[in-house]
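K.L.:
Under our numbering, the very last position in the sequence shown is 162; numbers go up by exactly one each time.
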Amino acid sequence: MTGRDSGFHPETDRLLLDVMLGKLTVYLRLCGYDAVYAGDRGVEADDRILDIAAEENRTLLTRDVSLAGQAESSILLTKRDIEDQLAELREAGVELAVAEVPTRCGRCNGSLVPVEDDETTPGYAPDPQETDCWRCQDCGQLFWKGSHWKRMKEVIG
Ligand SMILES: [Zn+2]
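#1: If we count Cβ pairs, one from each stretch, closer than 8 Å, do we get three or more for the region 25-45 versus the region 75-88?
#2: Pull the bridge partners of leucine 29 from the DSSP assignment, please.
#3: For aspartate 45, which three-state DSSP category applies?
#4: Leucine 66 lies in the alpha helix (DSSP H); which residues open and close that run?
#5: Using 8 Å as the threshold, is the region 100-117 in touch with the region 74-85, meaning 3 or more CB pairs across them?
#6: Among Ala43, Pro15, Leu82, whose alpha-carbon lies nearest the alpha-carbon of leucine 35?
#7: Go ahead and pull the three-state DSSP assignment for serine 152.
#8: Is there a Cβ of chain D sitting closer than 9 Å to that of threonine 125, yes or no?
#9: Around the C-beta of methionine 6, are 16 or more other C-beta atoms found within 10 angstroms, so that it is buried, or is it exposed?
#10: Within the chosen definition, does the region 134-141 reach the region 90-98 through at least 3 CB pairs nearer than 8 Å?
#11: Taking the C-alpha atoms as reference points, what is the distance between phenylalanine 148 and alanine 59?
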């Protein structure tokens, strides 16, 4: 582990999550982190993962001891459970708080922009005049603080 005294913050730290950590990736995006999931990039080879971490200046989160040891900056996770993994990250100095204004798409890590009041939204989404909504600039997914958001917020605590 190469945790830094100053800790990790969404404004300053970019993350790369190893395969098997897809669920945790979504939680970190909810906290505003620029978090790339190796599985989304179709990357599994250790060398390639280390390349991306170095090229994009990302801290690697992994359950693989040897991989963690080879990365410039890494956090080794030992637990399987999402609550336990979040606790491990906190111990490593990772700031975890659900962003009041969502900034990252949980699905693709794209940037979110607010949906204007006079825009029409698809049937599955609430009316933006009544509920604040955000749209991903990359994949078009709409987000709002619904029951799914509240459940995840409770898990993060
Ligand atoms: Zn997206």
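Glycine is no exception: its CB is placed at the ideal position from the N, C-alpha and C atoms.
P.N.:
Based on what the coordinates show:
#1: Cβ pair count under 8 Å is three or more, so yes.
#2: Here the question's residue 29 lines up with position 24 in the sequence shown. For leucine 29, which the question treats as bridged, DSSP gives no partner whatsoever.
#3: Working through the sequence shown from its first residue, we reach residue 45 at position 40. For aspartate 45, the three-state secondary structure derived from DSSP is coil.
#4: Walking along the sequence shown from the start, residue 66 turns up at place 61. Counting along the chain, no alpha helix (DSSP H) covers leucine 66; the unbroken beta strand (DSSP E) around it starts and ends at 63-67.
#5: No: the two stretches stay apart, fewer than three of their Cβ pairs being nearer than 8 Å.
#6: Within the sequence shown, residue 35 is the residue found at index 30, counting from 1. Nearest C-alpha to leucine 35 among Ala43, Pro15, Leu82: Pro15.
#7: Sequence index remark: in the sequence shown, residue 152 carries index 147 (1-based). DSSP places serine 152 in helix when its eight states are reduced to three.
#8: No chain D appears in the structure shown, which is made up of a single protein chain.
#9: Reading the sequence shown from its first residue, position 1 is the one you call residue 6. For methionine 6, the predicted structure reports a pLDDT of 47, less than 50, and the residue's modelled location is therefore unreliable. The matter cannot be settled from this model.
#10: With the cut-off at 8 Å, the region 134-141 and the region 90-98 do not touch.
#11: Taking the first residue of the sequence shown as 1, we reach residue 148 at position 143. Taking the first residue of the sequence shown as 1, we reach residue 59 at position 54. Between phenylalanine 148 and alanine 59, the C-alpha separation is close to 31 Å.
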